[in-house]
Amino acid sequence: GAGVSQSPSNKVTEKGKDVELRCDPISGHTALYWYRQSLGQGLEFLIYFQGNSAPDKSGLPSDRFSAERTGGSVSTLTIQRTQQEDSAVYLCASSFDRGSYEQYFGPGTRLTVT
Amino acid sequence: SQKIEQNSEALNIQEGKTATLTCNYTNYSPAYLQWYRQDPGRGPVFLLLIRENEKEKRKERLKVTFDTTLKQSLFHITASQPADSATYLCARGGSNYQLIWGAGTKLIIKP
């Protein structure tokens, strides 16, 4: 079956612009996660959606970052007024349910802020 | 705070030998640890999960151990092959159903 897909695969934007990153999780997966990975670093948790519950936004680094998940499926991560330090790979993952279930990752979106 | 520490130095192993990667955690033992493989330009791929009450888990050439006394998990690849070269990530279960990730260890298998 189809895996997790993300778009765009690469995004170059000017400092101060807004960007939207999209994630299509595996159908039927109730949990969806967004992570950020800088070069040579581990995954930094950003936000987590579980079913119809309020998302866990505890990892968002500033109020310039927001995310939504429509209809329990597709998710969009929005970064407003991008800064150079926002440059990273943004990874989306979904899992069947919360907890110990394995996470399935998309290929990521490489964001470069110039 | 809960942390996961993995050796940041690349591990070079001769083909056919066993590769052993280390994952150390702080604070209380997590309910489970997960291991993932990540290739350049790709998202991580799940390999194994081991729970706190399990000492060892195997899958084909892979073996994971969980030592709550040492606060450590070891990840072994036996009969290593060049195709096993990748970065291996360890993650612990955290609060609020999140995973807390290590930075990963790059494994290089030399033919």
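Chains A and B, in that order, are what the protein sequence lines are. Be aware that the first sequence starts at 204, since it is given in our numbering, and climbs by one per residue. Be aware that the second sequence starts at 207, since it is given in our numbering, and climbs by one per residue. Ideal Cβ placement from N, Cα and C applies to all residues, glycine included. What you are looking at is a predicted structure, and each value in this text was computed from that prediction instead of being measured.
Interface flag, residue i vs chain A, CB-CB below 8 Å
i, result
"TYR231 (chain B)", "no"
"PHE252 (chain B)", "yes"
"LEU295 (chain B)", "yes"
"LEU268 (chain B)", "no"
"LEU217 (chain B)", "no"
"LEU255 (chain B)", "yes"
Same chain, Cβ closer than 7 Å to residue i, five either side skipped, listed in chain order
i, result
"GLY311 (chain A)", "GLN209, VAL292, TYR293, LEU294"
"GLN287 (chain A)", "LYS218, VAL316"
"SER214 (chain B)", "ALA309"
is_contact[residue i, chain B] using C-beta, thresh 8 Å
i, result
"SER246 (chain A)", "First, the amino acid is wrong: residue 246 (chain A) is Leu here, not Ser. It does: the Cβ of LEU246 (chain A) has a partner Cβ on chain B nearer than 8 Å."
"LEU294 (chain A)", "yes"
"GLY231 (chain A)", "no"
"GLN306 (chain A)", "yes"
"SER208 (chain A)", "no"
"GLY219 (chain A)", "no"
"SER303 (chain A)", "yes"
"PRO310 (chain A)", "yes"
Contacting residues, own chain, Cβ-Cβ under 8 Å from residue i (five flanking each side not counted)
i, result
"SER207 (chain B)", "THR232, ASN233"
"GLY308 (chain B)", "ILE210, GLU211, GLN212, CYS229, LEU295, CYS296, ALA297"
"SER212 (chain A)", "PRO310, GLY311, THR312, ARG313"
"GLU258 (chain B)", "SER235, PRO236, ALA237, TYR238, PHE272, THR274"
"VAL222 (chain A)", "LYS214, THR216, THR281, ILE282, THR285, LEU314"
Environment of residue i [buried if 16+ CB atoms lie within 10 Å]
i, result
"LYS209 (chain B)", "exposed"
"GLN240 (chain B)", "buried"
"GLY245 (chain A)", "buried"
"ASP289 (chain A)", "buried"
"LEU242 (chain A)", "exposed"
"SER286 (chain B)", "buried"
"ALA205 (chain A)", "exposed"
"VAL270 (chain B)", "buried"
"GLY222 (chain B)", "exposed"
Chain-order list of residues whose beta-carbon lies under 6 Å from that of residue i (same chain, five-residue window excluded)
i, result
"ARG301 (chain A)", "ALA234, GLN253"
"ASP227 (chain A)", "SER208, VAL277"
"LYS265 (chain B)", "LEU254"
"PHE299 (chain A)", "HIS232"
"LYS263 (chain B)", "LEU254, ILE256, VAL270"
"SER297 (chain A)", "VAL207, PRO228, ILE229, HIS232, LEU235, TYR307"
Meets three-Cβ-pair contact criterion under 8 Å: the stretch 274-292 of chain B and the stretch 215-229 of chain B: Touching, per the Cβ criterion.
With 9 Å as the limit, tell me which residues of the stretch 253-274 of chain A have their beta carbon closer than that to any beta carbon of chain B; keep them in chain order. GLN253, ASP259, SER261, GLY262
Taking one C-beta from the stretch 269-283 of chain A and one from the stretch 220-234 of chain A each time, how about it: are there three or more such pairs within less than 8 Å? A contact is defined here as three or more CB-CB pairs under 8 Å, and the stretch 269-283 of chain A meets this definition with respect to the stretch 220-234 of chain A.
Is the stretch 239-254 of chain B touching the stretch 294-302 of chain B, taking contact as three or more C-beta pairs under 8 Å? Touching, per the Cβ criterion.
Tell me which residues of the stretch 219-247 of chain B have at least one Cβ-Cβ distance to chain A shorter than 9 Å, keeping chain order. ALA237, TYR238, GLN240, TYR242, GLN244, GLY247
Using a Cβ-Cβ cut-off of less than 8 Å, give me the residues of the stretch 300-317 of chain B that come near chain A, in sequence order. ASN302, TYR303, GLN304, LEU305, ILE306, TRP307, GLY308, ALA309, GLY310
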